[in-house]
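Chemist: Going by this note's numbering, the sequence shown opens with residue 319, and the numbers climb by one from there.
Note that CB positions come from ideal geometry on N, CA and C, so glycine has one too.
All values reported here derive from a predicted model rather than from experimental measurement.
Okay, handing you the structure first.
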Amino acid sequence: MDDNHPILCDAADIQSELAYLLLNSTRIDVLGIAPQPLIDAIRRVTSGATNDTAAVLAPITYSTPRSQIVLAHAPDALHGKLIRRWNASLIALRNILSGSPDGPSAGPYASFAISELFLDCLVRLTSNDGGVHMVGLTVLPGPLGREQTVMWQVPTPPSTLLATFDAMLQDRKPLLIREIHCAMLDQSAVLAVPSDGTTSWPGPRITRFLPYGISSHDDNFLMPVAIVAIRATTPRGPIAYLKQRTLLTDHNDFGVLSLLSARVLEEDLAVALNLDLGDKQNDDDAFEKTWIMAGKPNPFTVPLDAFRNAAQRELYSSCGLHIGPDRLAFRGFQVLDHETANEQLCFAIFDCSLRRSGDQDELRDLESWNPTGMVRVDRDRLYATTPEPLPLNRLLRARSTWLTEHVFNRPVDDTGGHS
């Protein structure tokens, strides 16, 4: 590298340099897995931290390994942080650039899936005069388990590098992560949903698939969500782990604590029904074909196993824990109306007890995997008002009595069984 474009290792310097380059580009192509400094730079520009007013970025395309390739490495502990970084990049860029209700507005954004397991990140920035500037971002392991990003630049990339970049994009397809929308439940149906840990209810009736996290501008639907209460025993008594909701982890309700939550996705339904969905680019076509492959059931509903699959996926993504389905004790359904829209949320609530022994301490595994994103809370502190109430999300507040009775007051079985 020349003196004007040194290799940068300091996160603040990388963020500042990237913000400058982003502001002075007419097109931005990101390839690989976007690391934290790039996400921070995009947030800095779109929030106005660089100038007095927020800037609208040039169109951004994000081409990242398709989920099947990344998640195929889930059993390998060495790839755990990689998977979490991949997931966080998708959530953060969607929130920042796709009109999240709690996020800033920005320029056009599109995400694509590639078939290569490309672990680094390359950013191609095109200027007004057509010139191209290439930036490379590599994430290296740091001290005490922390990761460090290294940035290098090629102001005038050779044609071979540009050709390789384009070649990796040739087979890309739109990145399709679909959530499931269902018909709303009337009050009698809500009251009929059992809450004693057993159910013969077939689940909410599916009405459509839509891209994950993108506002449909369509009220009158129910969102199926898996909830996990993570609990453990300690010398001070039973505890619960709550999730710190941020732009990197969730679609809304930033800045509060919640139980682990995951919207039920198309892939969760496919696994529950033992279907191979393949590639279906159109949302309506995907919905119709899934129904046909499932045997054209009437009604077409979300089975409990789909909720359980979503819970297992989120336990790994947020906590690094491989929890078998037999260790997720189902405690019941809860249905809440959305606070501001004519929507409902249907929560399937699972109870997960962490195993603690000399050979396996899942509490330490969780804290090592995600030391800042998960918050340990003593059971007696959860709903205490002194010294001050915890910033809990709506489910924890609105269903405090039910959750206390059916979840938090139950004994913790640290063998992982169904206490």
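For a quick check, are the C-beta atoms of Pro355 and Ala329 less than 8 Å apart?
Modeler: Yes.
Chemist: Counting only the same chain and skipping the five closest in sequence on each side, list residues whose C-beta sits under 6 Å from that of Arg526.
Modeler: Cβ within range, chain order: His499 and Phe605.
Chemist: Starting from Tyr701, trace the alpha helix (DSSP H) both ways and give me its first and last residue.
Modeler: Tyr701 -> no alpha helix (DSSP H), and no H or E assigned at all.
Chemist: Quickly, what does DSSP pair Arg694 with across the bridge? List them, please.
Modeler: Beta-bridge pairing links Arg694 to Tyr559.
Chemist: Going along the chain, which residues of its own chain have a beta-carbon closer than 6 Å to the beta-carbon of Leu487, five neighbours each way excluded?
Modeler: Within the same chain, Leu487 has close Cβ partners Ser381.
Chemist: Between Leu443 and Ile346, which are expected to be in contact by the criterion C-beta below 8 Å, what is the C-beta distance as a whole number of angstroms?
Modeler: So it is a contact: roughly 6 Å between Cβ atoms.
Chemist: Look up Ser675 in the DSSP assignment and say whether it is helix, strand or coil.
Modeler: Here Ser675 sits in coil by DSSP.
Chemist: Report back the beta-carbon spacing between Ala384 and Ile351 to the nearest angstrom; my notes put them in contact at under 8 Å.
Modeler: In the sequence as displayed, the identity of residue 384 is Arg instead of Ala. Rounded, the Cβ-Cβ distance is 12 Å, inconsistent with contact.
Chemist: Which same chain residues, not among the five before or five after Cys327, have their C-beta less than 6 Å away from its C-beta?
Modeler: Here the set comprises Val468.
Chemist: Identify, in the order they occur along the chain, each residue of the same chain with its Cβ nearer than 6 Å to the Cβ of Ser418, setting aside the five sequence neighbours on each side.
Modeler: Note on Ser418: pLDDT 44, under 50, position unreliable in the model; no value is reported.
Chemist: Check the DSSP bridge columns for Arg345 and list the partner residues they point to.
Modeler: Bridge partners of Arg345: Thr444.
Chemist: Between Ala588 and Met611, what straight-line distance do the alpha-carbon atoms span, to the nearest angstrom?
Modeler: Approximately 10 Å, taken between the alpha carbons.
Chemist: To the nearest angstrom, report how far apart Val695 and Leu480 are at their CA atoms.
Modeler: For Val695 and Leu480, the distance between alpha carbons rounds to 50 Å.
Chemist: State the beta-bridge partners of Val730 as determined by DSSP.
Modeler: Answer by DSSP bridge pairing: none, since Val730 is not bridged.
Chemist: When DSSP builds the beta bridges, which residues end up paired with Val468?
Modeler: According to DSSP, which records beta bridges pairwise, Val468 is partnered with Thr456.
Chemist: Mapping the DSSP letters down to three states, classify Lys771 as helix, strand or coil.
Modeler: Residue 771 falls outside the range modelled here, since the chain spans only 319 to 737, and no answer is possible.
Chemist: Need the endpoints of the alpha helix (DSSP H) that Cys327 sits in, please.
Modeler: Run containing Cys327: none; DSSP gives neither H nor E here.
Chemist: Determine the direct distance from the alpha carbon of Arg490 to that of Ser429, and round the result to whole angstroms.
Modeler: If I take the Cα positions, the gap works out to 10 Å.
Chemist: Just mark Thr552 as buried or exposed, buried being the case when its beta carbon has 16 or more other beta carbons within 10 Å.
Modeler: By the 10 Å Cβ count, Thr552 comes out exposed.
Chemist: State the DSSP-derived secondary structure class of Gly421, mapped to helix, strand or coil.
Modeler: Residue placement at Gly421 is poorly supported in this model, since its pLDDT is 41, which falls under 50; the coordinates still yield a value, given next. In this structure, Gly421 counts as coil in the three-state DSSP scheme.
Chemist: Closest to Pro729 by C-alpha separation, out of Thr719, Arg697 and Asn711, would be which residue?
Modeler: The residue with the shortest Cα to Cα distance from Pro729 is Arg697.
Chemist: Short check: CB of Ala501 to CB of Pro522, under 8 Å?
Modeler: In contact: Ala501 and Pro522 (Cβ atoms closer than 8 Å).
Chemist: Taking 8 Å as the cut-off, does the segment 565-574 touch the segment 706-725 (at least 3 CB pairs, one atom from each stretch)?
Modeler: The segment 706-725 is in contact with the segment 565-574.
Chemist: Mind checking Trp519: buried by the 16 CB within 10 Å criterion, or exposed?
Modeler: Flag for Trp519 reads exposed.
Chemist: Find the nearest neighbour of Asp358 within the set Ile387, Gln386 and Leu415, judged by alpha-carbon distance.
Modeler: For the residues Ile387, Gln386 and Leu415, the minimum Cα distance to Asp358 belongs to Leu415.
Chemist: Tell me the DSSP secondary structure of Ser579 in three-state form.
Modeler: Residue state, collapsed to three classes: strand.
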